[in-house]
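**Student:** Under UniProt numbering, the first residue of the sequence shown is numbered 1, with each subsequent residue one higher.
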Amino acid sequence: MRVKYVHFSPEELANRLSVAIEHGDEEEAMRCATVLAHQHATLRILLTESCYPASEIRCGWRRGAAPVGRLGWAGLGWAGPGRPLFRALSLVFQDYGFHPCVQRWIIGQCLCVDDRTVGSYGIRKDGDTAFLYLLSAKGVNLSEQRYKEDRSRAVLQPAALPPTDTGMPRSGPSARGWPAGAEGGRSALPPQAGWPCPTCTFINKPTRPGCEMCSADRPAHYTVPGSYKPDEAELWRMQQEEEGVLQYQKVSQQARLQNFQQLRQLDQEALVPNREDMECRICYLDVEPGKGVLLRECLHSFCRDCLRQLINCCEEPQVACPFRDDSYACGSHLQDREIRALVSWEEYERFLERRLAVAESRARNSYHCQTADCLGWCVCEDGARQFRCPVCQAHNCLACKAIHEGMTCKQYQEKLQFQAHTQAAARETSNMLKLGEAMHCPMCHIVVQKRGGCDWLRCPVCQTEICWVTKGPRWGPAGPGDTSGGCRCNVDGERCHPRCQNCH
């Protein structure tokens, strides 16, 4: 018997359609669907929970990072894939305090709506992936007063969170079915104590230096309210932080003290040995740890034998570091205690004698005792006439620069003039000076002669660099490299003299 369905209401037709589908009656279901289509009825068909597996799904969450702040927790459970999504929103709100307005769920690359089940998005079993993104409360116009009211309602009536009616993703604070205008007309409550994380929007306690959820730094402009009183858990955390800081400071102080003691011990030693295998940059031999020397001023390392030979061959008062490469030349020097430890006592005495001789030759008013092989010398002061050598006890005349005991200065000068006319060597030296084959050193005034080669030569007594063609010093008063004086050769690309044969 055919029943005329045209007189039935849409609600009764929908119920008959549901029963027909449940019993597998295809003809009855088709007739009900046809009549509903003629009536242009608006339907929403949802599967009951009995259509899904009865086993409970446990979701294990991992905390991540995203532009809007992705968070995760462990232990959130649904009864099954047939549960609607708004139940998950309620569970998150009850357990973790995140309001449904700030929750955005993404499952299978879809932005979920509240009234659909998680099973419709592909969540069927444990291990399936779902993403929860959190928006800022400010972005969805969620006030603190509304949050507290909804929080209290969720605690008292955890199942009273209704789904939305639109079937579309929410875009405003009232999309959850929460009373959007509940806060209208009421006075705003004082701001909640704490600072919102700029990354994940979690409200942290005022004294916490970093976010409890994502470990982001506290905003630099935030200050702890003066009237705020921490709770017991916060006091315990602050105490642990203070103890950690004190322990760190204690360990740092012990490390600094230990380093200071090691530096003092090294400073008391004459030489600092190398701690690692190295290659000597002079002899290019491998040096084992402890067999080489680490120079204190520049930290360059060499073997002991090479440094010892360097000291014995050095003609300067200071021994320069021998490190050289294509782009750098070290300008540091060996310290005196390093020199004493590297050479024997006899070698060190000879080094001091060479150093003293260089100092004597470079002193402008120096005078050396005229006794043969005597090491005595002095620095003459203005007005001094005589110098008694402390080594040989001879009396030197500073005016005549000679020893003429028993004769006056006038008698000695007359003797010199007579010898100059009679001695051939003196006449030959005088002729060489007149012809330019010899010259006086511009510093110590001894007679020097060039035998060949370029126009650069060094005085054997005072070590002054001389330009032969100009008969003057090569450099200025500051020494090698000073072009403020001297012959100024190659300055601005010009030679010091038309006949210059390279004075370096």
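Beta carbons are placed, not taken as given, at the ideal position from N, Cα and C, and that holds for glycine.
Note that this is a predicted model, so its numbers are computed, not measured.
#1: Pairing CB atoms from the region 355–366 with CB atoms from the region 378–389, are three or more of them under 8 Å?
#2: Are V343 and R308 closer than 8 Å when you measure CB to CB?
#3: Between which two residues does the beta strand (DSSP E) harbouring H395 extend?
#4: Can you tell me whether G181 is helix, strand or coil according to DSSP?
#5: Under a three-way DSSP split, which group does E144 fall into?
#6: With a CB to CB cut of under 6 Å and the five nearest residues on each side skipped, what residues in its chain are close to A478?
#7: May I ask you to list the residues that DSSP assigns as paired with C378?
#8: Helix, strand or coil: how does DSSP classify Y228 here?
#9: Assuming E437 contacts Q419 under a Cβ cut-off of 8 Å, what Cβ separation, rounded to an integer in Å, is found between them?
#10: Starting from Y96, follow the alpha helix (DSSP H) in both directions and report where the run begins and ends.
#11: Taking contact to mean 3 or more Cβ pairs, one atom from each stretch, closer than 8 Å, check whether the region 493–501 and the region 457–472 are in contact.
#12: Taking Q268 as the reference, give the member of R296, I403, Y284 with the closest Cα.
#13: Is DSSP giving F351 helix, strand or coil here?
#14: Figure out for me which residue from R256, K138, M278 has the closest Cα to the Cα of F202.
#15: Start and end of the alpha helix (DSSP H) containing Q309?
#16: What alpha helix (DSSP H) runs, 4 residues minimum, are completely inside the region 413–486?
#17: Any contact of the region 223–234 with the region 245–255, i.e. 3+ C-beta pairs under 8 Å?
#18: Name the residue from L134, A130, P100, R354 whose alpha carbon lies nearest to the alpha carbon of D150.
#19: Can you give the beta carbon distance from V118 to L85, rounded, assuming they're within the 8 Å contact cut?
#20: Only counting the same chain, and skipping five residues up and downstream in sequence, which positions put a Cβ closer than 7 Å to that of Q370?
#21: Can you list, in chain order, the residues of its chain with a C-beta nearer than 7 Å to that of C286? Leave out the 5 residues immediately preceding and following it.
#22: What does I107 pair with, by DSSP beta-bridge criteria?
#23: Could you tell me which residues DSSP pairs with N15 in its beta bridges?
#24: Ordered along the chain, which non-local residues of its own chain (more than five positions away) have a Cβ less than 7 Å from that of C389?
#25: Where does I21 fall in DSSP's three states?
#26: Please name the residue in C110, D114, I107 whose C-alpha comes closest to that of S90.
#27: Under the three-state reduction of DSSP, which class applies to P196: helix, strand or coil?
#28: Looking only at C-alpha atoms, which of Q393, A394, T408 sits nearest to C400?
#29: Alpha carbon to alpha carbon, what distance is there between G24 and L13?
#30: Helix, strand or coil for S215? Go by DSSP, reduced to three states.
#31: Going by C-alpha distance, which of V102, R474, G331 is nearest F323?
**Tutor:** A quick look at the data gives this:
#1: yes
#2: yes
#3: 395–397
#4: Low per-residue confidence applies at G181: pLDDT is 42, beneath 50, and the placement is therefore not dependable, though the value from the model is reported in the following sentence. In the structure shown, G181 sits in coil (DSSP, three-state: anything other than H, G, I, E or B).
#5: helix
#6: none
#7: Y367
#8: coil
#9: Actually they do not touch by this definition, with Cβ atoms about 22 Å apart.
#10: 85–96
#11: yes
#12: R296
#13: helix
#14: K138
#15: 304–313
#16: 424–435
#17: no
#18: P100
#19: 6 Å
#20: N396, A402, I403
#21: At residue 286 the sequence reads Asp, which differs from the Cys that was named. D277, E279, listed in sequence order.
#22: C110
#23: N15 is not bridged to any residue.
#24: C369, T371, C374, G376, N396
#25: helix
#26: D114
#27: strand
#28: T408
#29: 16 Å
#30: coil
#31: G331
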